[in-house]
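To start, the structure itself, in structure tokens.
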Amino acid sequence: MSQSLPNDVKTVTQVIITELLKNFNNSADSIRSTNTVADLFIQSVLKFNLFKENNFFSREIQIVSEEEFSSAILKMRNGDLESVKCIAEYISLSESRRFEFEVPYEYITDYVYSNDLQIEYVVLEDRLNLFAQCIESKIIDYDNNDIKTLEKVFRKFRRHLLLAIFQKKYIDEVTKKEARKAGVIANNAQTIANNAQQISNKAKDDSERAEKLATKAEELAGKAEDLASEADAQAKSTIANYIAILGIFASIIFTLFGGVNLISATVKLLEANSRWPYLTFIIALLMICLLTLLNMLIKWVNSINNLKEELEKRGINSTSKSNNHKQGKNILEKNWGVDFYTKSIICFSAILLISLGGMYKIKKENFFSFSRLCCTKLFLKASSVI
234 MSQSLPNDVK TVTQVIITEL LKNFNNSADS IRSTNTVADL FIQSVLKFNL FKENNFFSRE
294 IQIVSEEEFS SAILKMRNGD LESVKCIAEY ISLSESRRFE FEVPYEYITD YVYSNDLQIE
354 YVVLEDRLNL FAQCIESKII DYDNNDIKTL EKVFRKFRRH LLLAIFQKKY IDEVTKKEAR
414 KAGVIANNAQ TIANNAQQIS NKAKDDSERA EKLATKAEEL AGKAEDLASE ADAQAKSTIA
474 NYIAILGIFA SIIFTLFGGV NLISATVKLL EANSRWPYLT FIIALLMICL LTLLNMLIKW
534 VNSINNLKEE LEKRGINSTS KSNNHKQGKN ILEKNWGVDF YTKSIICFSA ILLISLGGMY
594 KIKKENFFSF SRLCCTKLFL KASSVI
């Protein structure tokens, strides 16, 4: 390092900080490194003027030389005002020379922040004290002005370095603290997210379960509706069956009583008048009335059965039953041409007409007999009068 020294302030600053922050295995290496860095620091400040302050204003400053200063002191004794002004400028420039060196704080801060070197504040302060002692041991024979310059630069360098280390340590602590807080917040957020996910999954399962239950409920409702419709149809069919049964029994009762009455009337007619025309006329008329009544009852029962079939059309066998009924009716009409009631009415009507003819013949004979009898009576009466 002593053979090829860096010639820019940034590199010198980085080398010095690196050696000060380096961890050594033994004290000999630490002392050797400190001596080397002390030589680099002294030469950079005094020989290369790397830490010299830059001028940012273009106006030239008139510098008062020592000869002009001595001459001004001699003239001041004679009351010369210009000499007083010259002495004041010389003193002002001398004071300003004390502050013409500066330490690049931005380089120190950038290097400290960009490295992950971990060092305690107290340990660094001890190394800086050792570094100051090493520099002091090397500048014993130096000029007082150089010693003041080195002390000024070292003080600024030390203060800036400690400040950068302290700031970095503080920022790291705050960052770690905030990172821990962020970690806690992230864990809480993750926990909340997991709970939310569990709740979402549970809600999803409940929704699927509810959907399945709703589907089953719809199926049960459909089955219940079908059962209700079937029960309603069965109830209506049962009522129709009851009415049909009552109609059939009523027809049977009317038939029986009608037949009995017909037989009774026939017997009475036979007792009163034994002529066949009267008998056949009464029997035919009663049979027509009885058949008409039975036909009305049968049609009423058929209408009830048709109502039953209409109610049973919702079932499976309603169509086949209706077709079978219609087919049977068509076969009956096809074989007989007309139904039984029509044939019976035709037959009894013919008998009724024949009996009317017989009754008319009997009445005519009775009329002639009555006329002959009347004429005979009149003739006999007239004869007796004569």
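Residue numbers for the sequence shown follow the working numbering, beginning at 234 and rising by one. Note that the Cβ used here is the ideal one computed from N, Cα and C, for glycine as well. These numbers come from a predicted model, not from an experiment.
Taking the C-beta atoms as reference points, V345 is found no nearer than 8 Å to I404. In the three-state reduction of the DSSP assignment, K285 falls in the strand class. Going by beta carbons, T246 and F364 fall outside the 8 Å limit. Collapsing the DSSP output to three states places I485 in a helix.
Using a C-beta cut-off of 8 Å, the segment 571 to 591 makes contact with the segment 516 to 530, since at least three inter-stretch Cβ pairs fall below that distance. Straight across, the Cα-Cα distance linking K371 with N377 is about 13 Å. For F257, the three-state secondary structure derived from DSSP is coil. Around the beta carbon of L394, 16 or more other beta carbons sit within 10 angstroms, so the residue counts as buried. The three-state secondary structure of D241, taken from DSSP, is coil. A Cβ-Cβ distance of about 6 Å is found for the pair L383 and V278, placing them in contact under the 8 Å criterion. In this structure, the CA atom of D374 is about 13 Å from the CA atom of I275. Considering only Y338, L523 and I352, the residue with the shortest C-alpha distance to R391 is Y338.
Of the candidates N282, E451, F257 and F387, the residue whose Cα lies closest to the Cα of I352 is F257. A direct Cα-to-Cα measurement between K280 and N259 gives close to 32 Å. Within the same chain, Cβ atoms closer than 8 Å to the Cβ of L524 are found at Y574, S577, I578 and F581, the five residues on either side in sequence being excluded. For N362, the enclosing alpha helix (DSSP H) has its first and last residue at Y354 to K371. In terms of Cβ geometry, F284 and E335 form a close pair [threshold 8 Å]. One alpha carbon belongs to I486, the other to N494, and they sit about 12 Å apart. Distances from the CA of N474 to each of L453, E441 and W533 were compared; the closest alpha carbon is that of W533.
L489 and S470 have their C-alpha atoms some 28 Å from each other. Excluding residues up to 5 positions away in sequence, L395 lie with their Cβ nearer than 8 Å to the Cβ of E358 in the same chain. Contact between A271 and I368 holds, with the beta-carbon distance rounding to 5 Å and staying under 8 Å.
Proximity to D572 across G590, I531 and S588 peaks at I531, based on C-alpha coordinates. The beta carbon of D438 sits closer than 8 Å to no other beta carbon from its chain once the five residues preceding and following it are set aside. Per DSSP, the continuous alpha helix (DSSP H) segment holding S347 begins and ends at Y338 to S347. S462 sits away from T513, with the two beta carbons spaced by 8 Å or more.
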